[in-house]
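Enquirer:
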Amino acid sequence: MGWKVLCSMSSSFSIYKCDELSFRYAYLLHLIDQTIKKMPLHRFYIPEGLYTEEDKKKLAQSITDHYVAVGLPAFYVVVLFIPVKKDSYYVGGKANDKFVRVAIQHIARQFESNEVAQKFIDMYEKRLVPFIKDRGLDWEIAIENVDRNLWRENGLIPPLSNSEAEKKWIRLNKAVPYE
1228 MGWKVLCSMS
1238 SSFSIYKCDE
1248 LSFRYAYLLH
1258 LIDQTIKKMP
1268 LHRFYIPEGL
1278 YTEEDKKKLA
1288 QSITDHYVAV
1298 GLPAFYVVVL
1308 FIPVKKDSYY
1318 VGGKANDKFV
1328 RVAIQHIARQ
1338 FESNEVAQKF
1348 IDMYEKRLVP
1358 FIKDRGLDWE
1368 IAIENVDRNL
1378 WRENGLIPPL
1388 SNSEAEKKWI
1398 RLNKAVPYE
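FYI, the numbering for the sequence shown is 1228 to 1406, going by our numbering.
1) Examine the Cβ distances between the stretch 1363-1373 and the stretch 1325-1341 and report whether three or more of them are shorter than 8 angstroms.
2) State yes or no: is the C-beta of Val-1304 within less than 9 angstroms of the C-beta of Tyr-1294?
3) Taking 9 angstroms as the CB-CB limit, is Pro-1385 close to chain B?
4) Which value, in whole angstroms, describes the spacing of the CA atoms of Lys-1284 and Ile-1290?
5) Classify Leu-1399: buried if its beta carbon has 16 or more other beta carbons within 10 angstroms, exposed otherwise.
6) Measuring CB to CB, does Lys-1312 end up less than 9 angstroms from Glu-1280?
7) Would you grab the beta carbon distance between Ser-1388 and Arg-1336 for me? Rounded to a whole angstrom, and I think it's under 8 angstroms.
8) Let's test the definition: count the other Cβ atoms within 10 Å of the Cβ of Ile-1331 and tell me whether it reaches 16, buried, or not, exposed.
9) Where does Asn-1372 fall in DSSP's three states?
10) State the start and end residues of the unbroken alpha helix (DSSP H) segment that holds Ala-1287.
11) Alpha carbon to alpha carbon, how far is Ile-1368 from Leu-1383?
12) Taking all protein chains shown into account, decide if Leu-1377 is buried (16 or more other Cβ within 10 angstroms of its Cβ) or exposed.
13) Taking Pro-1267 as the reference, which of Phe-1302, Ile-1273 and Val-1356 has the closest Cα?
14) Using the C-alpha atoms, what's the distance from Pro-1300 back to Val-1403?
15) Val-1327 bridges to which residues according to DSSP?
16) Based on the DSSP secondary-structure assignment, which residues constitute the bridge partners of Ile-1451?
17) Rounding to the nearest angstrom, what Cα-Cα distance links Ala-1344 and Ile-1334 in this structure?
18) Give me the DSSP bridge partner(s) of Leu-1268.
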């Protein structure tokens, strides 16, 4: 006779029947089993005047290219450049115009493990090198995972990963009704 483990994360619950599984393993199953998706929203809080329009275009395209390469529709990727005046940008209590804060929200995909998350961050930082590190700036990156149940595209519930409906959204590069 097995036992059940109730796991919770972000207000969603899963029950697993376990014979000799540890709670950690059951929790891992829970994380993998989630159908939470991530839609990438990238907010760059930057010193005013840091980037030219061409810089912004290149950085946004680089980020979009990565997500498209792993199977997301390009229109899921949103990149915002939010300029902050020097007298309004403080780090450690001191005005700082040499710092970039990148806040990322994911809805369309869930990292399968901490190792995958770390690989993503490593890849992401490589894409930032010419725009931040090579310019002598300091930076911070934080990724927030958002519950898929709280996401809509033009009033539509986004299709599940790798479904025919999602493939159609990718092909058309926009949200369209599906069954």
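Where a beta carbon is used, it is the ideal one built from N, C-alpha and C, also for glycine.
Expert: The short version:
1) yes
2) Walking along the sequence shown from the start, residue 1304 turns up at place 77. Walking along the sequence shown from the start, residue 1294 turns up at place 67. Contact: yes.
3) Of the protein chains in the structure, only one exists, and it is not chain B.
4) As a working mapping, residue 1284 is identified with position 57 in the sequence shown. As a working mapping, residue 1290 is identified with position 63 in the sequence shown. Near 10 angstroms, if we compare the C-alpha coordinates of Ile-1290 and Lys-1284.
5) The sequence position of residue 1399 within the sequence shown is 172, counting from 1. Exposed, since its Cβ has fewer than 16 Cβ neighbours within 10 Å.
6) Your numbering for residue 1312 matches position 85 in the sequence shown. Your numbering for residue 1280 matches position 53 in the sequence shown. For Lys-1312 and Glu-1280, no; Cβs fall outside 9 angstroms.
7) Within the sequence shown, residue 1388 is the residue found at index 161, counting from 1. Within the sequence shown, residue 1336 is the residue found at index 109, counting from 1. Right, the Cβ-Cβ distance comes to about 7 angstroms (below 8 angstroms), so this counts as a contact.
8) Numbered from 1 along the sequence shown, position 104 holds the residue referred to as residue 1331. Label assigned to Ile-1331: buried.
9) Numbered from its first residue, the sequence shown carries residue 1372 at position 145. Three-state result, Asn-1372: strand.
10) Indexing the sequence shown from 1 puts residue 1287 at position 60. Segment 1280-1296, the alpha helix (DSSP H) holding Ala-1287.
11) Translated into positions along the sequence shown, residue 1368 becomes position 141. Translated into positions along the sequence shown, residue 1383 becomes position 156. Each residue's Cα considered, the two are about 30 angstroms apart.
12) In the sequence shown, counting from the first residue as 1, residue 1377 sits at position 150. The residue is exposed, with fewer than 16 neighbouring Cβ atoms inside 10 Å.
13) The residue given as residue 1267 occupies position 40 in the sequence shown. It is Phe-1302 whose Cα lies nearest to the Cα of Pro-1267.
14) Mapped onto the sequence shown, residue 1403 falls at position 176. Mapped onto the sequence shown, residue 1300 falls at position 73. Whole-angstrom Cα-Cα distance: 12 angstroms.
15) For the purposes of this step, residue 1327 is identified with residue 100 of the sequence shown, where counting begins at 1. DSSP, once it has assigned bridges, lists Trp-1366 as partnering Val-1327.
16) Any property of residue 1451 remains undetermined from this structure, which presents the chain solely from 1228 to 1406.
17) In the sequence shown, counting from the first residue as 1, residue 1344 sits at position 117. In the sequence shown, counting from the first residue as 1, residue 1334 sits at position 107. The alpha-carbon atoms of Ala-1344 and Ile-1334 are separated by roughly 14 angstroms.
18) In the sequence shown, the residue the question calls residue 1268 occupies position 41. Val-1305 and Gln-1332, per the DSSP bridge assignment.
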